[in-house]
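Visitor: Protein chains in written order, with our numbering: chain A, 1 to 265; chain B, 266 to 582.
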Amino acid sequence: MTGLAITGILLFAILVVAHLMPYSPTEMSFTAVLKPPSWEHIFGTDSFGRDVFTRVLYGARISLLISVCGVALAMSIGTAIGMTAAYFGRLYDLVAMRFMDLLFSFPSFVLALFLMVILGFGVVNVMFAIALVYMPLFARLAHNMTLVVREEPYVQAARATGQPSIRLLLREILPNIAAPLMVQASIGVAFGIIIEAGLSFLGLGVQPPTPSLGVIMADGQEYFRRAPWVLTMSGLAVCFALLGLNLLGDGLRDLVDPRLRQRAE
Amino acid sequence: MKTLRYFIGRLLIAVTMMVIGALAVFLVMKAAPGDPALAALGEQATPDAIAAFRAEHGLDAPLIEQFVSWLRDMIGGDFGRSLTIAGGESISKLIAGRLPNTIFVGLYAVLFATAISLVIGSVAALRRGKLSDTLATSVAAVGVSMPDFWLGYVLILLFALTLGWLPSYGFTSPFESLSGALVTGLLPALAISAPMAAVFARTLRTSLLENAQRDYVTVARSFGFSERFVFRHYVFRNSIIPYIVIIGLQIRYLLGGVVVVERVFGVPGVGSLMVDAAFARDYPVVQACTIVFLAIVLSVNLTVDVTCAALDPKRTQ
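1) With a 10 Å radius around its C-beta and 16 neighbouring C-beta atoms as the bar for buried, classify Leu156 (chain A) as buried or exposed.
2) Check whether the Cβ atoms of Ala454 (chain B) and Phe377 (chain B) sit closer than 7 Å, and answer yes or no.
3) Going by the CB atoms, is the gap between Leu115 (chain A) and Ala129 (chain A) shorter than 7 Å?
4) Does any residue of chain B bring its CB to less than 7 Å from the CB of Phe114 (chain A)?
5) Taking the DSSP output, what are the residues bridged to Asp51 (chain A)?
6) Is it right to say Gln478 (chain B) is buried, meaning 16 or more other beta carbons lie within 10 angstroms of its own, or is it exposed?
7) What number of angstroms, rounded off, separates the C-alpha of Ile360 (chain B) from the C-alpha of Gly522 (chain B)?
8) When the Cα of Cys554 (chain B) is compared with those of A:Ala142, A:Phe106, A:Phe30, which residue comes out closest?
9) Can you tell which of A:Thr161, A:Gly205, A:Asp46 has its C-alpha closest to the C-alpha of Leu223 (chain A)?
10) Using only CA atoms, which one of B:Met339, B:Phe291, B:Leu422 lies nearest to Leu328 (chain B)?
11) Taking any Cβ of chain B, which residues in the region 202 to 217 of chain A have a Cβ under 8 Å from it, in chain order?
12) Under 8 Å Cβ to Cβ from Glu265 (chain A), same chain only, skipping five residues before and after it: list those, please.
13) To which residues of the same chain is Val557 (chain B) closer than 8 Å at the C-beta, ignoring the five residues directly before and after it?
14) Could you name the residues of chain A that Arg517 (chain B) contacts, counting a contact when the two beta carbons are closer than 7 Å?
15) Report the residue from B:Leu391, B:Phe369, B:Arg346 whose alpha carbon sits nearest the alpha carbon of Lys358 (chain B).
16) Taking one C-beta from the region 236 to 254 of chain A and one from the region 409 to 428 of chain B each time, how about it: are there three or more such pairs within less than 8 Å?
17) For my contact list, Ile166 (chain A) and Val149 (chain A) are in at a C-beta cut-off of 8 Å; report their separation, rounded to the angstrom.
18) So with Cβ pairs under 7 Å, would you call Ile118 (chain A) a contact of chain B?
19) Within the region 135 to 174 of chain A, note down every full alpha helix (DSSP H) run reaching 4 residues or more, in order along the chain.
20) For Gln262 (chain A), decide whether its Cβ has a neighbour in chain B, counting only Cβ atoms nearer than 7 Å.
21) Determine the chain A residues that contact Met411 (chain B) at a beta-carbon separation under 7 Å, and present them in chain order.
22) Using a threshold of 7 Å, state whether the C-beta atoms of Gly220 (chain A) and Ala197 (chain A) are closer than that.
23) DSSP three-state label for Arg346 (chain B), please.
24) Would you be able to state if there are at least three C-beta pairs under 8 Å between the region 43 to 62 of chain A and the region 202 to 216 of chain A?
25) Can you say whether Ser108 (chain A) is buried or exposed, counting buried as having 16 or more other CB atoms within 10 angstroms of its CB?
26) When the distance is taken between beta carbons, is Ala390 (chain B) closer than 7 Å to Leu474 (chain B)?
27) Look at the alpha carbon of Ile14 (chain A) and the alpha carbon of Gly205 (chain A), and state the distance between them as a whole number of angstroms.
28) With a Cβ-Cβ cutoff of 7 Å, do Ser186 (chain A) and Gly249 (chain A) count as a contact?
29) For Gly251 (chain A), which residues from the same chain have a beta carbon less than 6 Å from its beta carbon, with the 5 sequence-adjacent residues on both sides left out?
30) Distance check for Pro208 (chain A) and Ile516 (chain B), CA to CA, integer angstroms please.
31) By the 8 Å beta-carbon criterion, what residues does the region 317 to 347 of chain B contribute toward chain A?
32) Go ahead and label Gly386 (chain B) buried or exposed: buried means 16 or more other beta carbons lie within 10 angstroms of its beta carbon, across all protein chains shown.
33) In three-state DSSP terms, what is Ser504 (chain B)?
34) Could you tell me which chain A residues have their CB closer than 8 Å to the CB of Arg528 (chain B), listed as they occur along the chain?
35) Report the residue from A:Leu255, A:Pro37, A:Ser212, A:Ala72 whose alpha carbon sits nearest the alpha carbon of Ala179 (chain A).
36) With DSSP as the reference, identify every bridge partner of Ser355 (chain B), one or two as the case may be.
The structure is reproduced here in C-alpha cells:
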C-alpha cells in the first residue's frame with residue numbers, strides 16, 4: 001500500500017503538478033543563478049537559473065518513460081524466449097537459456113555501458129540497453145513458471161484438443177504466469193531508472209538538453225562544492241521514485257507469492 | 266570426491282561461458298560503427314596510413330582468423346594496444362595496474378555490506394514484528410532505493426566537505442600504503458555497500474525466519490538448549506547458504522556500482538578506465554574491460570558454487 005501511495009504521488013507530480021509549476025524546465029534566469037532552496041524555488045536553481053524542482057519533474061517523466069519502455073521491451077522478448085524454450089524444449093531450450101545465462105553473467109551496468117559504446121548515446125539506445133540487461137531475468141522467470149504450468153491439467157487438455165502451440169502459449173500459459181512477471185517489471189523499472197541515471201550522469205546516456213534525472217545530476221556534479229543542492233535534491237527525487245516502485249514490487253510479490261507457492265506444491 | 270567432480274564440472278562450464286562471452290563481445294565490437302584505424306590515426310589520416318594500420322593489426326583478415334588470433338593473445342595475457350586514450354600502450358599493462366584498486370574497493374564494499382547486513386538481518390529476524398524489525402526493514406527498503414553514486418556525493422558532502430574527516434577525491438593504492446587505501450577507499454566502499462547491504466539483510470531475515478520454524482529447530486529446543494545456542498548452531502548455520510548465494514548474485518550489481526563510483530571518487534580502477542575509453546571510442550580497451558568484468562563475475566560465481574557445495578554436500582547430487 002505504501003508503495004502504491006508513493007508511486008501514485010510520483011505519477012501525480014510528474015503528470016499534473018509539472019504543468020502547474022510557474023516555471024518551465026528550460027526557462028533561464030541569470031539573476032537567479034545557483035540559488036539555494038527557498039519558498040520560491042523548492043529545490044533551488046542551477047547554473048542557468050533554471051528551477052531544479054521543475055526540471056526534476058520533467059526529468060522524472062523522461063527517465064520513467066525510458067525505463068518503462070526498456071522494461072516492456074525486455075519483458076516482451078524475454079518472456080517469449082523463456083516461454084517457448086520451456087514449452088518446446090530440447091536443443092532450442094538449451095541454446096536459448098544458455099545464451100540468457102551468458103547475458104546474465106555480465107555485470108548489468110557494464111553490459112549497458114558496452115552497448116552504449118556500440119550503438120551510440122541517446123534516449124532510444126538507453127532503452128535498448130535497459131532491455132538487454134533485463135531480458136535474461138524475464139526469460140528465466142517465464143521459463144521456470146512455464147515448466148510448472150505446462151504440466152497443469154488444463155494445458156494438457158488444451159493440447160489434447162489440438163490447439164496450435166502458439167495459441168496455447170498465449171491463451172493458456174501466459175495469463176497464468178503474468179503475475180510474477182508484473183512483479184519483476186515493477187522492480188525492473190526501478191533499476192532501469194538507476195541504469196539510466198548512471199549512464200546519463202557519466203555523459204554516456206541521455207544527452208543534454210533533454211532533462212533526464214541523470215542529466216540533471218550530472219549538471220549538479222560540475223559545481224557540487226558551490227551548490228550541492230542541485231545534485232542532492234535531484235538524487236533525493238530519484239530515491240523517492242525508487243522507494244515507491246520497490247515497495248510496490250514487494251507488495252505485489254506478497255500478493256502473488258502465496259498463491260503461486262500453493263500451485264507449485 | 267563428489268565435491269571435486271562438481272568443482273571440475275562447474276569450472277568447465279565457467280571456462281566455456283568465458284570463451285563464448287569473449288566471442289560475443291568480439292563480434293559485437295566488430296559490428297560497432299567507426300573504423301579503428303581512423304580512431305587511432307585521426308580523421309586527417311591518409312589512405313596509405315590507414316591501409317598500413319589495418320595490415321599491421323590484421324584488420325583485413327577473415328573474422329574467424331582475427332578472433333582466434335585475439336583469443337590466443339588474450340589467453341597469453343595480451344589484450345592488444347590502446348588506440349586513443351593511452352596511445353599504443355599495452356592494454357594488459359593498463360588493466361593490471363588498475364585491477365587491484367577495483368578489487369580492493371569491491372572487497373571493501375562486500376565486507377561493509379556483509380557486516381551491516383548480518384546485524385540488521387539478525388536483529389530483524391530475532392525481533393520479528395517489533396519496532397526494531399520495522400525499523401530494520403524500513404532502513405533496508407530505503408537502502409535499496411539509493412543510487413550508489415548519489416550516496417557517494419552525500420557521503421562526500423557530509424564526511425569530506427562538512428566534517429573534513431575523510432578525503433573527497435583520490436585513492437591510494439594498497440601496494441603503496443594499506444592504511445592510505447583503507448582511508449581513501451572508505452567512502453567509495455560505503456557508497457557501493459549500502460544498496461547491497463539492504464538486499465543481503467532482507468535475504469538473511471527471510472532465511473532465518475524460514476529456518477527458525479523447521480522441525481529440527483523444534484527438536485533442538487526440546488533438548489533444552491538455550492535460545493542463543495539454537496540460533497547460532499541450528500538456525501544461523503542453515504541460513505548462511507542462501508545468504509552466500511545472494512552475495513554471489515549481487516556481484517553483478519556491485520561491479521556496476523564500482524564503475525560509476527570510481528569516477529565519483531577518482532579511483533584509478535578498471536571501471537573508470539572503461540568510462541574513459543568509452544568517451545574516447547577506444548574500442549579495444551572497452552572490449553578488454555568488459556571481458557575482465559565477465560571473468561570476475563564467473564570466478565565469483567564459481568567460488569560461491571563450490572563454497573555452497575562444501576557447506577551442503579547435497580548440492581553436488
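Heads up, the beta-carbon is just placed ideally off N, CA and C, and yes, glycines get one too.
Guide: With the given structure in hand:
1) The amino acid occupying residue 156 (chain A) in the given sequence is Gln; Leu does not appear at that position. Counting of Cβ neighbours within 10 angstroms places Gln156 (chain A) among the exposed residues, the total staying below 16.
2) Against a cut-off of 7 Å, the Cβ pair of Phe377 (chain B) and Ala454 (chain B) comes out as a contact.
3) The Cβ-Cβ distance between Ala129 (chain A) and Leu115 (chain A) falls below 7 Å.
4) Cβ-Cβ to chain B under 7 Å: yes for Phe114 (chain A).
5) Beta-bridge pairing links Asp51 (chain A) to A:Thr45.
6) By the neighbour-count criterion, in which a residue is buried when 16 or more other Cβ atoms sit within 10 angstroms of its Cβ, Gln478 (chain B) is exposed.
7) Note on geometry: alpha-carbon atoms of Ile360 (chain B) and Gly522 (chain B) lie some 18 Å from one another.
8) Nearest of A:Ala142, A:Phe106, A:Phe30 to Cys554 (chain B), Cα basis: A:Phe106.
9) Rather than Leu, the amino acid found at residue 223 (chain A) in this sequence is Tyr. Ranked by how close their Cα comes to the Cα of Tyr223 (chain A), the residues A:Thr161, A:Gly205, A:Asp46 have A:Asp46 in first place.
10) For the residues B:Met339, B:Phe291, B:Leu422, the minimum Cα distance to Leu328 (chain B) belongs to B:Phe291.
11) Answer in chain order: Leu202, Gly203, Leu204, Met217.
12) Note on Glu265 (chain A): pLDDT 41, under 50, position unreliable in the model; the coordinate value appears next. Take Glu265 (chain A), set aside five residues on each side of it, and no residue of its chain has a beta-carbon closer than 8 Å to its own.
13) Closer than 8 Å at the Cβ level, and outside the excluded window around Val557 (chain B), lie Ile360, Leu364, Val535.
14) Simply Pro107, Ser108.
15) Looking at the Cα atoms, B:Arg346 is the closest of the given residues.
16) Yes, they touch.
17) With a Cβ gap of about 16 Å, Ile166 (chain A) and Val149 (chain A) do not count as contacting.
18) So, interface residue.
19) The alpha helix (DSSP H) runs lying completely inside the region 135 to 174 of chain A and spanning 4 residues or more are 153 to 160, 165 to 168, given in chain order.
20) For Gln262 (chain A), the predicted model reports a pLDDT of 48, less than 50, meaning its position is unreliable; a value from the coordinates is still stated below. No, its Cβ sits nowhere closer than 7 Å to a Cβ of chain B.
21) Chain order gives the chain A residues near Met411 (chain B) as Cys239, where near means a beta carbon separation below 7 Å.
22) At a Cβ-Cβ threshold of 7 Å, Gly220 (chain A) and Ala197 (chain A) do not count as neighbours.
23) Judged by DSSP in its simplified three-state form, Arg346 (chain B) adopts strand.
24) Verdict: yes, contact present.
25) Buried is the call here.
26) In this structure, Ala390 (chain B) lies closer than 7 Å to Leu474 (chain B) by Cβ.
27) When rounded, the distance between both Cα atoms is 21 Å.
28) For Ser186 (chain A) and Gly249 (chain A), yes; Cβs fall inside 7 Å.
29) Result list for Gly251 (chain A): Gly3, in chain order.
30) Spanning the two alpha carbons is a distance of roughly 31 Å.
31) Considering only beta carbons, no part of the region 317 to 347 of chain B lies closer than 8 Å to chain A.
32) Buried, because 16 or more other Cβ atoms sit within 10 Å of the Cβ of Gly386 (chain B).
33) Under the three-state reduction of DSSP, Ser504 (chain B) is assigned to helix.
34) The contacting residues are Leu202.
35) For the residues A:Leu255, A:Pro37, A:Ser212, A:Ala72, the minimum Cα distance to Ala179 (chain A) belongs to A:Leu255.
36) DSSP lists B:Arg346 as the beta-bridge partner residues of Ser355 (chain B).
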